[in-house]
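Position 62 (the sequence shown) corresponds to 79 in my numbering; numbering is contiguous.
Glycine included, every Cβ here is placed at the ideal spot set by N, Cα and C.
Take a look at the structure set out below.
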Amino acid sequence: MRPKKTILLTGFEPFGGESINPSWEAVRALDGKTMSDGSVVAVAKLPCAFVLSLDALEQQIRKHKPHIVVCVGQAGGRAEMSIERVAINVDDARIPDNCGAQPIDVAIRSDGPAAYFSTLPVKAIVAALQANGIPAAVSQTAGTFVCNHVFYGLMQLAGQTPKIKRAGFVHIPFLPQQALRHRNAPSMSLEVMVAGLRQIIESTLTVKTDLIVAGGSTH
Ligand code: PCA
Numbered sequence: 018m019r020p021k022k023t024i025l026l027t028g029f030e031p032f033g034g035e036s037i038n039p040s041w042e043a044v045r046a047l048d049g050k051t052m053s054d055g056s057v058v059a060v061a062k063l064p065c066a067f068v069l070s071l072d073a074l075e076q077q078i079r080k081h082k083p084h085i086v087v088c089v090g091q092a093g094g095r096a097e098m099s100i101e102r103v104a105i106n107v108d109d110a111r112i113p114d115n116c117g118a119q120p121i122d123v124a125i126r127s128d129g130p131a132a133y134f135s136t137l138p139v140k141a142i143v144a145a146l147q148a149n150g151i152p153a154a155v156s157q158t159a160g161t162f163v164c165n166h167v168f169y170g171l172m173q174l175a176g177q178t179p180k181i182k183r184a185g186f187v188h189i190p191f192l193p194q195q196a197l198r199h200r201n202a203p204s205m206s207l208e209v210m211v212a213g214l215r216q217i218i219e220s221t222l223t224v225k226t227d228l229i230v231a232g233g234s235t236h
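Shown next as structure tokens:
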């Protein structure tokens with residue numbers, strides 16, 4: 018029997034005073050699930066710490082040898098699933114990470130390119146999510162905290178790992194129980210997030226060439 022293909026999905030541990038991180042809650046709900054092409058989902062929780070996060074990701078990639086990697090993180094305040102387009106080569110932390118580190122204006126890789134683009138079909142994913150009634154948008158920035166750091170490192174690793182065919186990053190909103198503590202913050206139910214992640218994987222497996230449709234921003 019041919020070995021099954023693996024899709025690696027990662028979430029993060031809680032940070033910034035939260036007791037949960039929606040990314041881990043949503044990702045772990047898909048552990049071991051089989052997708053339409055027979056690929057199986059493996060999941061991992063990454064530390065929310067600059068210095069630890071990429072080693073942890075690399076370890077998981079070595080362990081699972083995935084053909085697709087999607088890292089997921091919390092973006093409190095956003096209302097929709099944000100399919101990130103670009104990772105930039107800078108750490109600029111607004112708050113300390115879970116190890117107490119707060120790098121400011123530091124390159125992630127001093128010899129690396131300014132940015133990497135996601136290799137997920139970002140526009141097609143957004144279209145598929147919206148067609149299924151799930152709020153979604155292409156995002157032009159993953160911020161400059163640990164998520165962008167992991168996204169940048171992921172894309173560098175993916176470029177050096179021929180087995181990985183596609184990789185990218187998705188930010189998701191607060192869960193309703195978190196939003197209660199953040200006045201007026203938008204939120205999304207766990208059920209919708211999990212359905213959204215499933216759709217993101219399916220589109221990544223099936224869409225060969227991304228759609229060319231308007232979906233940028235004017236600011
Ligand atoms: N969100 C943070 C880091 C971990 C997470 O879930 C971010 O957007 O950088």
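Exercise for the section: Pull up the DSSP beta-bridge partners for Cys88, would you. Expected result: Reading the sequence shown from its first residue, position 71 is the one you call residue 88. For Cys88, which the question treats as bridged, DSSP gives the partners Thr27, Phe186.
Exercise for the section: Helix, strand or coil for Met205, going by three-state DSSP, please let me know. Expected result: As a working mapping, residue 205 is identified with position 188 in the sequence shown. The DSSP-derived three-state label of Met205 is coil.
Problem - Below 7 Å from a heavy atom of the ligand PCA - residues by beta-carbon - result: These are the residues, in chain order, with a beta carbon less than 7 Å from any non-hydrogen atom of the ligand PCA: Phe29, Phe32, Asn38, Ser40, Cys65, Gly90, Gln91, Ala92, Ala159, Gly160, Phe162, Val163, Cys164, Asn165, His188.
Practice task
Determine, using beta carbons only, whether Glu208 comes closer than 8 Å to chain D.
Solution key: No chain D is present in this structure, which holds just one protein chain.
Practice task
Return the chain-ordered list of same chain residues with a C-beta closer than 7 Å to the C-beta of Gly49, the five sequence neighbours on each side being excluded.
Solution key: Working through the sequence shown from its first residue, we reach residue 49 at position 32. By the criterion of a C-beta distance shorter than 7 Å, Gly49 is surrounded in its chain by Val57, Val58, once the five residues flanking it on both sides are discounted.
Practice task
Please state if the CB of Met98 and the CB of Ile24 are separated by a distance shorter than 8 Å.
Solution key: Along the sequence shown, one-based indexing puts residue 24 at 7. Along the sequence shown, one-based indexing puts residue 98 at 81. For Ile24 and Met98, no; Cβs fall outside 8 Å.
Handout entry: Bridge partner(s) assigned by DSSP for Ala154
Key = Taking the sequence shown and counting its residues from 1, one reaches residue 154 at position 137. In DSSP, Ala154 forms a bridge with Ser99.
Exercise for the section: Ignore the nearest five residues each way along the sequence and tell me which others in Ser127's own chain have a CB closer than 8 Å to its CB. Expected result: Residue numbering aside, residue 127 sits at position 110 when the sequence shown is read from its first letter. Its chain contains no residue whose beta carbon lies nearer than 8 Å to that of Ser127 once the 5 sequence neighbours on both sides are disregarded.
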